[in-house]
Structures are given as structure tokens and as C-alpha cells.
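Under our numbering, the residues of the sequence shown are numbered 7 to 387, in order.
Positions of the beta carbon are idealized from the N, C-alpha and C atoms, including for glycine.
Shown next, in C-alpha cells, is the structure this report addresses.
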Amino acid sequence: MNHESLKYWMALKSIDGIGNASFQPLLDRFGSAAAVFSASASELAGVSGIGKKSAEAIVTFKDWDKILRQLELVNKADIRIVTYLDALYPKNLLNIYDRPAFLFVAGRLEKDDVSLAVVGSRHASTYGRYTTDRISRELALRGVTIVSGMARGIDSCAHRGAISAKGRTIAVLGSGLDVIYPPENKKLFAAISQNGAVISEYPPGTEPLAYHFPARNRIISGMSYGVLVVEAGEKSGSLITAKLAMEQGREVFAIPGAIDSASSRGANSLIKQGAKLIDNVDDILEDILPQLERTAAQPMQQEREPAGPEALAAADETHTDSLSPTAQKILKTLSGKKTHADDIIAATGLPPAEVLSALIILELKGIILQHPGKLFSLKKN
């Protein structure tokens with residue numbers, strides 16, 4: 007979508023009384039955001055959810071200079087605007103109530119991201135930081151994209167864990183992308199945008215106001231298949247994210263903490279309420295395996311190649327003809343000797359996320375083994 011069209015989307019969003027939920031009825035009625043501004047007040051007021059006051063505000067809108075300045079900031083900062091009509095808009099986010107009409111994006115979004123939100127206390131303990139780093143790193147190695155809020159504590163550890171595994175991670179901000187909060191995370195912002203994306207529904211120049219963060223949390227949970235709470239006190243903001251996840255029909259996971267630790271009371275309470283207790287990544291992967299399988303099973307352009315004899319022997323109980331083309335191609339590169347994930351990616355010529363997703367599926371099916379150091383081999387019968 008060109009900037010001329012985006013100008014109208016941004017102007018519409020800036021008008022008091024026009025929320026995210028108003029966009030689709032308006033676009034359905036008038037065909038485009040630009041056409042909305044050409045409509046009469048009576049025509050606008052006839053759209054569901056648009057009152058007379060909002061209709062009049064659209065007709066009399068004059069703050070175009072402000073919108074153009076924001077677009078100029080977007081250009082200078084190399085930010086992309088992705089609307090809910092774009093193919094790269096996170097597919098899980100499409101299905102939540104009050105989805106953002108558009109997102110400001112630094113970095114890149116992927117259509118096939120299998121995402122898990124990892125959230126927790128800003129005042130994380132050593133245990134919380136270590137556990138977050140380990141879980142996030144291991145999930146990223148398996149092809150899962152880690153989503154969090156780039157806050158101090160658990161959020162920052164989650165992003166860093168994914169980055170250390172050369173995996174994808176996405177940060178959702180409660181400010182404009184040019185207002186980095188907390189300010190000490192400037193280097194982390196740059197690393198995340200190189201290894202995934204930093205996104206916000208707020209335009210450049212927006213300060214991180216307190217009421218932005220609960221709204222931000224609905225995006226964190228909404229774009230993910232589930233939410234993992236690592237460490238949270240009784241009033242932690244991460245409990246809001248967990249509550250939103252439940253309302254959105256997402257899975258909620260929690261890491262148990264010491265019963266006498268104030269920083270673990272929130273997470274322990276979630277487990278009492280039915281959140282799944284997590285002590286290793288397989289507890290999470292078994293729930294999101296179907297999504298990983300769909301990602302790894304994307305059709306390939308090249309003709310499907312049969313697996314080699316040694317791979318066929320290792321997989322005879324699963325039947326390789328039931329595996330995805332990606333898994334078939336990976337099996338052809340493996341033997342009883344340990345092979346590094348980077349070598350498998352190079353040998354197959356497939357995207358890293360696709361290969362890593364397929365590797366974990368093959369591991370969970372008992373066809374291959376994973377060894378320390380991102381090494382894989384066929385399982386010997």
C-alpha cells in the first residue's frame with residue numbers, strides 16, 4: 007500500500023471515537039479509507055458503530071500536516087506500515103477482538119511465524135532470568151518465534167535468548183518505534199529488528215503512556231499460539247497478558263516458582279487456575295506441534311526426493327510417505343553421524359525456520375536425535 011493511501015488510514019485512526027473495530031465497517035461501506043473522507047456526515051453516521059460526533063469529526067478533519075509529519079518520520083526511520091489487509095499481517099492477530107487496523111514495523115514479519123509469547127516480571131530473579139533465557143533459546147532453536155514486550159527483566163531475557171540461538175523474535179512496544187522504552191534497550195531494539203521485528207500500533211513520536219501497555223499486551227497474546235508466564239507477582243502486568251490469552255482462546259503456560267517467593271505468586275496462581283505447568287520445552291512443543299507441522303509442510307517447488315536407505319530404515323515405523331517434503335529432504339541429508347543444523351540448512355537449501363521446525367517434528371516422532379550444540383543424527387534402531 008502506497009503512502010498516499012496510508013495517509014488516510016493514519017488520519018482515520020487519529021480521530022477520537024474511531025477505534026480499530028470501526029475500520030472494517032467503514033471500508034466495507036465506502037471501499038477505501040480515502041473514500042471515507044469524501045463521504046457526507048449523514049452517510050458516515052449510517053455506518054454501524056459511527057455516531058454523529060465521529061461522523062462530523064471525519065468530515066471536518068484538518069490535521070493533515072500532523073499525519074504527513076508522521077509519515078515523514080516513518081520514511082526516515084525505515085519503518086513499514088502493515089495493514090490488516092496485507093498478507094504479512096500476523097494471521098493470529100486477525101481473529102482477535104479490536105485487532106490493530108495497522109502496525110508500524112521495524113524489521114520483517116513472516117507469514118509462517120509460529121509464535122509463543124514469553125512474559126514476566128520486570129524485577130526478575132536470577133532463577134527467572136536463567137530459566138527465561140534457556141527456554142527461549144531452546145524454543146528458538148526449534149523454529150518457534152519468541153514474542154515479548156522488550157520491557158526490563160523477563161521480556162528482555164526472552165528476546166536475548168532467541169537472539170543467542172539465531173532465532174526469530176518479535177517485540178511489541180507501547181510507544182512509537184522511535185521512542186525506545188526502556189531507553190537502555192537501544193542495542194536490544196537493533197538486534198531484535200535484525201532477527202525479527204519490533205512492532206507497535208502507535209505512530210512515531212508516541213510516548214510510552216501507562217494505558218498503552220494493557221492494549222499492547224493484547225497484541226502480544228493475540229499474535230501468539232500461547233503465552234508462557236515465567237515469573238510474576240500478584241499484580242504483575244504479565245497476568246493481564248495471560249488473562250487476555252485466555253479470552254482469545256490461547257494456551258497459557260507457567261513456570262512454577264518457590265512457594266514463599268512474592269515474585270512467583272502470580273505464576274503459581276495461574277497453575278492453580280489451570281495453566282499448564284512447564285519444566286521443559288517439550289511441554290510446550292507438544293501443544294504447538296500441529297502449528298509447527300503446518301509450517302514445515304509448506305509445498306516446495308522442486309520435485310520431492312525420496313529419503314536415503316539409512317533414513318528409510320530409521321523411519322520405517324512412521325512411514326516417510328506421511329512426512330512433509332521438507333522432512334523428506336532433511337532425512338536425505340542425515341545419517342548415524344552427528345550433523346550440525348547449519349549444515350542441514352545449507353544442504354537442503356531451505357529457509358532456516360522451516361528446517362528447524364521440521365527437525366523438531368522428526369525428533370518428536372522418534373525418527374532423529376538431537377545432541378548438544380545443535381547437532382542431529384538419525385535414531386538407530
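Rounded separation between residue i and residue j - CA only
i, j, result
"residue 159", "residue 51", "46 Å"
"residue 107", "residue 73", "16 Å"
"residue 244", "residue 37", "38 Å"
"residue 163", "residue 145", "13 Å"
"residue 285", "residue 161", "19 Å"
"residue 11", "residue 83", "19 Å"
"residue 367", "residue 16", "42 Å"
"residue 58", "residue 151", "43 Å"
"residue 358", "residue 174", "10 Å"
"residue 44", "residue 76", "22 Å"
"residue 226", "residue 194", "18 Å"
"residue 364", "residue 167", "21 Å"
"residue 290", "residue 171", "18 Å"
"residue 258", "residue 329", "29 Å"
"residue 224", "residue 177", "13 Å"
"residue 470", "residue 55", "Only positions 7 to 387 of the chain appear in this structure, which leaves residue 470 out of reach."
"residue 212", "residue 185", "7 Å"
"residue 232", "residue 266", "27 Å"
"residue 9", "residue 199", "22 Å"
"residue 308", "residue 241", "Confidence at residue 308 is low in this model, with a pLDDT of 36, below 50, so its placement is unreliable and no value can be given for it."
From the options, residue whose alpha carbon lies closest to that of residue i
i, options, result
"residue 133", "269, 218, 230", "269"
"residue 7", "30, 78, 89", "89"
"residue 97", "214, 180, 104, 228", "228"
"residue 126", "378, 119, 117, 136", "136"
"residue 391", "81, 85, 49, 101", "Nothing about residue 391 can be reported from this structure: the residues present for the chain run from 7 to 387 only."
"residue 157", "192, 171, 143", "192"
"residue 111", "182, 154, 148", "182"
"residue 169", "380, 142, 185, 355", "142"
"residue 280", "294, 369, 260, 148", "260"
"residue 187", "165, 202, 201, 215", "215"
"residue 222", "109, 70, 201", "109"
"residue 372", "353, 140, 348, 333", "333"
"residue 121", "86, 33, 356, 149", "149"
Reduced DSSP category for residue i - H, G, I as helix; E, B as strand; rest coil
i, result
"residue 195", "helix"
"residue 45", "coil"
"residue 339", "helix"
"residue 346", "strand"
"residue 9", "helix"
"residue 108", "strand"
"residue 87", "strand"
"residue 38", "coil"
"residue 67", "coil"
"residue 162", "helix"
"residue 142", "helix"
"residue 167", "helix"
"residue 383", "strand"
"residue 123", "strand"
"residue 368", "helix"
"residue 1", "Examination of residue 1 is not possible in this model, given that the chain is present from 7 through 387 alone."
"residue 93", "coil"
"residue 53", "coil"
Cutoff 8 Å: residue i Cβ touching any chain C Cβ
i, result
"residue 264", "Within the model displayed, chain C is absent; a lone protein chain is all it includes."
*Say whether the stretch 15-22 touches the stretch 58-78, bearing in mind that this needs 3 or more beta-carbon pairs closer than 8 Å, one atom from each stretch.*
Touching, per the Cβ criterion.
*Output the residue ranges of the alpha helix (DSSP H) runs that lie fully inside the stretch 239-306 and measure 4 residues or longer, sorted by chain position.*
If one requires a minimum length of 4 residues, the alpha helix (DSSP H) runs lying completely within the stretch 239-306 are 243-253, 271-278, 287-302, in chain order.
*Going along the chain, which unbroken runs of the alpha helix (DSSP H) with 4 or more residues stay wholly within the stretch 203-236?*
If we require 4 residues or more, the alpha helix (DSSP H) runs fully inside the stretch 203-236 come out as 218-228.
*Below 8 Å, can you find three or more Cβ-Cβ pairs linking the stretch 236-251 to the stretch 273-282?*
Taking 8 Å as the limit for Cβ pairs, the verdict is that the stretch 273-282 does touch the stretch 236-251.
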